[in-house]
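Chemist: Position in the sequence shown counted from 1, then plus 7, gives you the working numbering. The C-beta atom is built at its ideal place from N, Cα and C for all residues, glycine as well. Values in this document were obtained by computation on a predicted structure and should not be read as measured data. First the structure, then my questions, so here it is.
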Amino acid sequence: MRMTGKAAENKRQKREALLNTAFDLFTQQGITNTSIANIVERAGVAKGTFYLYFKDKYDLRDRLIRHKASQILGRAYNALETAQLSTLEEKVIFLAVNIVDQLSEDKLTLRFITKNLSWGILKHEMSTIQTNVFEGEINFIDHFRAAFDESDVKYKNPEVLMYMIVELVGSASYSSILNGDPLPIEELRPYLREAIKAIMRSQEVKPQTDTQAPLPDAAPQRLREA
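So this is what it looks like as structure tokens:
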């Protein structure tokens, strides 16, 4: 049965209320100290409504990470569309720097995402995003696959490559933005670009070269005349 516009909007508002409330509580008092009862009470919805969207508070945490990451990625992709870059390397560096710039302006989100994001969560979300994506969220697995498929330069293992870049950007931006360590983010940015470039180039699949020995030239004239 198809949902009416009003019903769909009501459902969206309840979901947004749960996500926003959970973000506030998780960042204020931590996930361990936040109960589902706390979330639904502050969001103003019934506990049954919570279970329409999430299995438990850890499922909500994972979806909230994706929701926040999707918003950041969406803005980064929109900026990328106007950048007119040609190579995958240039695009990945642009996206990484754009994301770091966004996080430097939103330290609360930086703390939440970096503290709770793990590669295991990311892989799980990547494997389930086709069926569990919320309206308006970026299906980044499609962008991920398409970008590598369309690249003229091929890479040994795109998943491992992105793991290394995600870990680098996450740890470097967290320490630099929040603590200015080892450098303020403005000064660290060029190093970040160079590090991503080095990682990507180390994982390139080099074109195979023909190692077969060249055919010998015609026998010297004196041998033919012998």
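Going by other Cβ atoms of all chains shown within 10 Å of its Cβ, with 16 needed for buried, is V212 buried or exposed?
Modeler: Label assigned to V212: exposed.
Chemist: Name the two residues that bound the continuous alpha helix (DSSP H) containing Q109.
Modeler: Counting along the chain, the alpha helix (DSSP H) containing Q109 begins and ends at 95-112.
Chemist: So if DSSP puts Y162 in a beta bridge, which residue, or which two residues, is it bridged to?
Modeler: Beta-bridge pairing links Y162 to E211.
Chemist: Going by CA-CA distance only, name the one from L102, M169, F30, R22 that's closest to A53.
Modeler: Of the candidates L102, M169, F30, R22, the one whose C-alpha sits nearest the C-alpha of A53 is R22.
Chemist: Closest to K234 by CA distance: which of A15, F119, V160, S93 is it?
Modeler: A query on residue 234 cannot be resolved here, the shown segment of the chain reaching from 8 to 233 and no further.
Chemist: Looking at C-alpha atoms only, which residue of N85, L199, L71 is the closest neighbour of I172?
Modeler: For I172, the nearest C-alpha among the options comes from L199.
Chemist: By a C-beta neighbour count over all protein chains shown, 10 Å radius and 16 as the cutoff for buried, is G37 buried or exposed?
Modeler: By the neighbour-count rule (16 or more Cβ atoms within 10 Å), G37 is not buried but exposed.
Chemist: Excluding sequence positions up to five away, which residues of its chain have a Cβ less than 7 Å from the Cβ of E88?
Modeler: Nothing meets the Cβ criterion.
Chemist: Just reading off the alpha helix (DSSP H) that A50 is part of, what are its end residues?
Modeler: Where A50 is concerned, the enclosing alpha helix (DSSP H) stretches over 43-50.
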